[in-house]
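One structure below.
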Ligand code: TMP
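Residue numbers (our numbering): 734 to 937.
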């Protein structure tokens, strides 16, 4: 697909700060006059709503392949009806989670990663994908402070998710950013990566 815009994916464990970073990144680009927009997965589609209300809440737990299929279906919706049209308009799209989340989270539940990749083949490759790395202990500590109850909060599970994310960093699919530092420092590094990308693509 021909695209005029830019797609940036931000990944990390819940509690890594990725949502705050993604939103701050969008605000920063807007303040510089760029037409940036924040979006997230699970999306606001009916499939995303089903995932949030029934799967993430833990109300329904069935074969993990069904979850992988639902996340992929939601992603297809997100790509077709949000991401592609926005890129076609030349917007800079920041997605808080993308197919790397399925590889890491469903992969850590022993769903075959090659199969997850096949399912998600339709997903447009992002121009850059950043992984904000925190230890599972730190992620849980931050989440507990917020008083949030998570389905996927088992520490052993989060260790596996992180291991897969770090493998994706080694394959060169994700750019590693150390999320254990102060928020401002993390944000500065993310901004610098994005700034280089915007220059390369003639956006600045
Ligand atoms: P969020 O906390 O970033 O809104 O993400 C919701 C949860 O959904 C989070 O625990 C990770 C999980 N998730 C998957 O397991 N697979 C996926 O493909 C996506 C997008 C999210």
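Glycine included, every Cβ here is placed at the ideal spot set by N, Cα and C. The model shown is predicted, which means the values in this text are computed figures rather than measured ones.
(request) Determine, using beta-carbon pairs with one atom in the stretch 857-870 and one in the stretch 777-794, whether at least three such pairs fall under 8 Å. (result) No, they do not touch.
(request) Could you say if the stretch 826-837 and the stretch 786-799 meet the contact criterion of at least three C-beta pairs nearer than 8 Å? (result) The way I'd put it, the stretch 826-837 doesn't touch the stretch 786-799; fewer than three beta-carbon pairs between them come closer than 8 Å.
(message) Once DSSP output is grouped into helix, strand and coil, what is the label at residue 743?
(response) strand
(request) Classify residue 832 as helix, strand or coil using the three-state DSSP reduction. (result) helix
(request) Taking the CB atoms as reference points, tell me whether residue 769 and residue 826 lie closer together than 9 Å. (result) yes
(request) Would you mind stating whether residue 849 and residue 870 have Cβ atoms separated by less than 9 Å? (result) no
(request) Drop a sphere of 10 angstroms on the beta-carbon of residue 735, count the other beta-carbons inside from all chains shown, and report buried for 16 or more, exposed for fewer. (result) Since pLDDT at residue 735 reaches only 49, below the 50 mark, its modelled position is unreliable, and the value read off the structure follows with that caveat. Classification for residue 735: exposed.
(request) Under 6 Å Cβ to Cβ from residue 748, same chain only, skipping five residues before and after it: list those, please. (result) 872, 875, 876
(request) Verify whether the separation of the beta carbon atoms of residue 910 and residue 922 is less than 9 Å. (result) yes
(request) Can you say whether residue 790 is buried or exposed, counting buried as having 16 or more other CB atoms within 10 angstroms of its CB? (result) exposed
(message) DSSP three-state label for residue 929, please.
(response) helix
(request) Take residue 819 as the anchor and find which of 737, 846, 763, 840 has the nearest alpha-carbon. (result) 737
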